[in-house]
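**Student:**
Here you go:
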């Protein structure tokens, strides 16, 4: 392992296997959504997803904070906002489970040393969790549509601003900053339908290509 990679893994707070998977998936998404990333309208949202959702960083503390305080937030936020937060936590747990399966398949069963498109695709298919992958895509789309509505509510924006100081004092600054970046990304789009529909369409197409037996479905994607 070269020094740069060792340093990146150490700084991420992840295990070597988790880092390699997250890093590969982030680069894969950057390739598949380069057009959105370069868009004035959708670039901020794409960056948010790449860095704050799928980035090669240990988000365990932020996620644990979210799970811990969700009950306390019920009295502060509208029911619709709380439902979106709870769905986000559910999606996060599902994604973590799917990534855990991939890590085990790649590094334990297949004994790979590095990840590339071919062994990633093979491991993905061998995990045999097509229904869960469909559910993941569905949840991303539904949650995104819900958030697109929720973040525009003045009460939600006000609650988030008021929580900034107390959140940092309570050691919840990482979670607070994540929520603020997410709200800013969705507000900047001024309507997320095209962004979310594009993600759903492309991820569904890739899923079908992988389970259709293609060796490297990412080579000429998106067409």
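In the working numbering, the protein residues as written are -4 to 218. Beta carbons: idealized from backbone N, C-alpha and C, even for Gly. A quick note: this is a predicted structure, and the numbers were derived from the prediction, not measured.
Rounded to whole angstroms, what is the Cα-Cα separation between residue 152 and residue 110?
**Tutor:** About 40 Å.
**Student:** Excluding the five sequence neighbours on either side, which residues of its own chain have a C-beta within less than 8 Å of the C-beta of residue 50, listed in chain order?
**Tutor:** Once the five neighbours on either side are set aside, the close Cβ partners of residue 50 are 17 and 21.
**Student:** Go through its chain and collect everything with a Cβ distance to residue 191's Cβ below 8 Å, but skip five positions before and after it.
**Tutor:** Cβ within range, chain order: 135, 136, 139, 140 and 143.
**Student:** Under the rule that 16 or more other beta-carbon atoms within 10 Å means buried, what is residue 177, buried or exposed?
**Tutor:** Classification for residue 177: buried.
**Student:** Anyone know if the C-beta pair for residue 45 and residue 31 falls short of 7 Å?
**Tutor:** Contact: no.
**Student:** Distance check for residue 193 and residue 210, CA to CA, integer angstroms please.
**Tutor:** Straight-line Cα distance between these residues: approximately 23 Å.
**Student:** Could you tell me the alpha carbon to alpha carbon distance between residue 28 and residue 57, rounded to whole angstroms?
**Tutor:** Roughly 26 Å separates the two Cα atoms.
**Student:** Identify the continuous alpha helix (DSSP H) that holds residue 59 and give its terminal residues.
**Tutor:** Element bounds for residue 59: 55 to 64.
**Student:** Are residue 202 and residue 212 closer than 7 Å when you measure CB to CB?
**Tutor:** The answer is no: Cβ separation not under 7 Å.
**Student:** I believe residue 171 touches residue 180 by the beta-carbon criterion, under 8 Å. Please report the beta-carbon distance rounded to the nearest angstrom.
**Tutor:** Actually they are not in contact, since the Cβ atoms of residue 171 and residue 180 sit about 15 Å apart, beyond 8 Å.
**Student:** Can you tell me which of 63, 124 and 104 puts its alpha carbon nearest to the alpha carbon of residue 89?
**Tutor:** Answer by Cα proximity: 124.
**Student:** Would you kindly report the start and end of the unbroken alpha helix (DSSP H) that includes residue 209?
**Tutor:** Looking at the DSSP string, residue 209 is not in any alpha helix (DSSP H), and its letter there is neither H nor E.
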